[in-house]
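Chains as they are written, first to last, in numbering that gives the first Met the number 0: chain G, 0 to 339; chain Y, 0 to 331.
Beta carbons: idealized from backbone N, C-alpha and C, even for Gly.
Given the structure is predicted, the values throughout are model-derived calculations rather than measurements.
Here the structure comes first, spelled out in structure tokens, and everything after it is commentary.
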Amino acid sequence: MAISNAMLGGLTRAQLLEMHYTMTLLRRFEEKSAEEYTRGKIGGFMHLYIGQEAVGVGCLAVLRKEDKVLSSYREHGHALAKGMAPNEVMAELFGKITGCSKGKGGSMHMWSNEIGMLGGNGIVAAQLPIAVGVALAAQYQGRDEVAMCFFGDGAVDEGAFHESLNLAALWKLPVIFVCENNQYSMGMAVEKAWAVDSLLPRAAAHNIPCEQVDGMDVIKVYEAAKRAAEHTRSGKGPVLLEIKTYRFRGHSMTDPTYYRTKEEAEEWRNTRDPIGIFEKYLLDAEMGAQADFDANDAKAIAIADEAAEFAENSAFPEPEELFADIMVDNSTALSYRYER
Amino acid sequence: MRTITFRDALREAIREEMRRDERVFIMGEDIVGYGGTYAVTKGLAEEFGEKRVRDTPLAEEVFTGAGIGAALNGLRPIVEIMTINFSLLASDQIINNAAKMRYMFGGQPSVPIVFRMTVGGGAQRGSQHSQMLESLYAHIPGLKVVLPATPYDAKGMLKSAIRDPNPVLFLEHELLYNVKGEVPEEGDEYTVPLDRGEIKREGKHITIISFSRMLHVSLQAAEDLAKEGIEAEVLDLRSVRPIDIDLILDSVKKTNRVVIAEEGWKYYGTGQGLAALIYEHGFDYLDAPIQHVHGADVPMPYSKPLERLAIPRKDDVIKAAQGIVPTALVRS
Chain G
0 MAISNAMLGG
10 LTRAQLLEMH
20 YTMTLLRRFE
30 EKSAEEYTRG
40 KIGGFMHLYI
50 GQEAVGVGCL
60 AVLRKEDKVL
70 SSYREHGHAL
80 AKGMAPNEVM
90 AELFGKITGC
100 SKGKGGSMHM
110 WSNEIGMLGG
120 NGIVAAQLPI
130 AVGVALAAQY
140 QGRDEVAMCF
150 FGDGAVDEGA
160 FHESLNLAAL
170 WKLPVIFVCE
180 NNQYSMGMAV
190 EKAWAVDSLL
200 PRAAAHNIPC
210 EQVDGMDVIK
220 VYEAAKRAAE
230 HTRSGKGPVL
240 LEIKTYRFRG
250 HSMTDPTYYR
260 TKEEAEEWRN
270 TRDPIGIFEK
280 YLLDAEMGAQ
290 ADFDANDAKA
300 IAIADEAAEF
310 AENSAFPEPE
320 ELFADIMVDN
330 STALSYRYER
Chain Y
0 MRTITFRDAL
10 REAIREEMRR
20 DERVFIMGED
30 IVGYGGTYAV
40 TKGLAEEFGE
50 KRVRDTPLAE
60 EVFTGAGIGA
70 ALNGLRPIVE
80 IMTINFSLLA
90 SDQIINNAAK
100 MRYMFGGQPS
110 VPIVFRMTVG
120 GGAQRGSQHS
130 QMLESLYAHI
140 PGLKVVLPAT
150 PYDAKGMLKS
160 AIRDPNPVLF
170 LEHELLYNVK
180 GEVPEEGDEY
190 TVPLDRGEIK
200 REGKHITIIS
210 FSRMLHVSLQ
220 AAEDLAKEGI
230 EAEVLDLRSV
240 RPIDIDLILD
250 SVKKTNRVVI
260 AEEGWKYYGT
270 GQGLAALIYE
280 HGFDYLDAPI
290 QHVHGADVPM
300 PYSKPLERLA
310 IPRKDDVIKA
320 AQGIVPTALV
330 RS
């Protein structure tokens, strides 16, 4: 099938190859993270994004620097795609002082004021109300800024999802709600959790435009996100995107994935890999060559390795950090001398 | 100074801070047309418009979380959650986000927000609308939790809370709204700090530590105790997080005896926490065991006679004080 430039989102060769690089970086970075987790360098929970790269990269490609991103605990990819330095992300995973959150957040809590990455959240759907408020502040102060809020298919069953959609629609707030429907909330298959078979009726219930998107096709994601951003930037209020995707790994590093068959996961990996699909598009359209992909891959591997080395060589937080940054004014439970 | 109600003092604080700072806005249930369930916000929408005085749907989790998001992105929200009982629906946002974001994101964000809500019982509102629960939030690092008891403190502390760069829970006892007290003229600038208690009555025989509505009960008890020669010092805690431990210990050093009087439940609450702190840091100053006056350990009953039994009264405070002040001491 011949693919024209118009079918590649109207993006230039350089932009397309940049997207390819970012997707590859996310993949290689997470593979490296998994390796370091196995080596015991990373602790706690770690939720990998592998398989879902087209969603984060396609969506974030439409944002501007001043736009804000809020995410769930599966947010390494969003942080990287918004522009966070891989070294800072990896150092955070290692719990080092050079991490984006000084090693105090970990895998689920990445933040940067500079690039507008306003956190992963460890409580399912808790980032939606916050995104509504972030957008409210932008609207209130007359800033041309949108909040993009990522969450999984499990989050839409929480009350916070419905409360947030209603309020955002009521106040016409510039929020793009992005549901990454990876088809399992932990081990619960989406068809066992939802009484409906898509988010369209749920969006309609709150009077919010909604699109279903193939999340393994980065161009389709990019185009849908672009439409959503145009809609919300024009003052028409929020948009909901249901982006169907698949996580190639378990829910977290300790998930043996008993709830789905090996064959199912194999089939997605072999036939629906978002990077493979994108490479085929680029080759067909003659917008990229195997040599470009190989160069991107080599660069991504080098950056991931360098990030791991940086994290390894960074210091852990000093004991004084234990009591630092709880309150802006350093106040504690007791005023004055007994805890100072 | 003129005399105004606790309610009017709160409204003045909000109005003055909204005039002072464009970033300050208030949102909550029925605060525009209705003027707030306790009429605190009455008239504010007329002056500031519905951009800055916003009615929300009955959706505590989202408007609480949205307040946090707005605070993260440059505003200074006041969120009225009507009552602390309803804040339980939003407690995830308060405890898991507002209290933790600065720390878990390495000191980058700040969450300058005020959550206003009523607390307390005594108006026959039954089990689900009569709780104190201040200790639930005072347990959490990352929050400030204050409970003023007088109109002067209410205005001065609310202004401080709105200017504070941290999340502050501002708890207003339902039975205090009509209490009157002296407050400087509107526009005469003053604030009251969020981390200091105050001695509301000087005394030498015993320290009664209290806060919120129980301060008034304690002051009445002190009047009666004075008639029999017991000079009670009445300490208004004003804040339960942080706790002004220095003020407490200085008073205990003077009186050597303590009654803690609170409306909340006995176990694992503010009173027991205070007692533990006093034993930890001031054991040598004590001449008698700390006495604890508290609410009955039951869900609040509706029926008036039962409700009266569930909420501590003046006589309970008097008895507790009499029990640990020896007659010989009073005569001396």
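Through-space distance from L170(Y) to R339(G), alpha-carbon basis: In this predicted model, R339(G) has a pLDDT of only 40, less than 50, meaning its place in the structure is not dependable enough to derive any value.
Nearest residue (CA-CA) to L47(G), options E265(G), M252(G), D296(G), E320(G): M252(G)
Closest by C-alpha distance to T326(Y), when choosing among H204(Y), Q130(Y), P300(Y), R212(Y): H204(Y)
Length-filtered (3 minimum) beta strand (DSSP E) runs lying within the region 10-68 of chain Y: 23-27, 52-54
Local conformation of L142(Y) per DSSP, three classes: coil
Cβ-based neighbour list, A342(G), same chain, cut-off 6 Å, excluding 5 preceding and 5 following: No information on residue 342(G) is available, as it lies outside the stretch 0 to 339 that chain G covers here.
Helix, strand or coil at W110(G) [DSSP, three-state]: strand
N177(Y) at chain G interface by Cβ criterion, 8 Å: no
Chain-order list of residues whose beta-carbon lies under 7 Å from that of A70(Y) (same chain, five-residue window excluded): P76, V110, P111, I112
Min CB distance T2(Y) to chain G below 8 Å: no
A260(Y) - partner residues in DSSP beta bridges: S209(Y), V292(Y)
Bridge partners - Q211(G), DSSP secondary structure assignment: E241(G)
Backbone CA spacing between S129(Y) and P288(Y) [nearest angstrom]: 30 Å
Proximity of I259(Y) and G121(Y) at Cβ, strictly below 8 Å: no
Residue range of the unbroken beta strand (DSSP E) whose run includes E79(Y): 75-82
L169(G) beta carbon near the ligand ATP (any heavy atom closer than 7 Å): The ligand ATP is absent from the structure shown, which contains no ligands of any kind.
For M22(G), the first and last residue of its enclosing alpha helix (DSSP H): 12-37
Counted within 10 angstroms of its Cβ, other Cβ atoms place T260(G) as buried (16 or more) or exposed: exposed
DSSP bridge partner residues for M187(G) (one or two, in chain order): S184(G)
Reference R124(Y); option with closest CA among L308(Y), P300(Y), V329(Y): P300(Y)
is_contact[N255(Y), chain G] using C-beta, thresh 8 Å: no
First and last residue of the uninterrupted alpha helix (DSSP H) at R240(Y): Element bounds for R240(Y): not the alpha helix (DSSP H) but the beta strand (DSSP E), 238-240.
CA nearest to the CA of A332(G), picked from L308(Y), G180(Y), T269(Y): T269(Y)
Cβ pair count under 8 Å reaching 3, the region 135-147 of chain G against the region 202-217 of chain G: no
Whether I325(G) touches R19(Y) by CB criterion (8 Å): no
Test: P237(G) CB closer than 8 Å to a CB of chain Y: no
T4(Y) (DSSP reduced to helix, strand or coil): strand
8 Å Cβ cutoff met for E241(G) and C148(G): no
Neighbourhood of M107(G) by C-beta, 6 Å cutoff - its chain only, sequence neighbours within 5 removed: Y72, G119, G121
Span separating the alpha-carbon of E261(Y) from that of C99(G): 43 Å
Test: A159(G) CB closer than 8 Å to a CB of chain Y: yes
Simplified DSSP state of M89(G), which is helix, strand or coil: helix
Pick from W193(G), K81(G), E308(G) that is closest to D152(G), judged by C-alpha positions: W193(G)
Cutoff 8 Å: N86(G) Cβ touching any chain Y Cβ: no
Cutoff 7 Å; reference G322(Y); Cβ partners in own chain excluding five residues on either side: Q290
Proximal residues to I129(G) (C-beta, below 7 Å), its chain only, five neighbours per side dropped: L69
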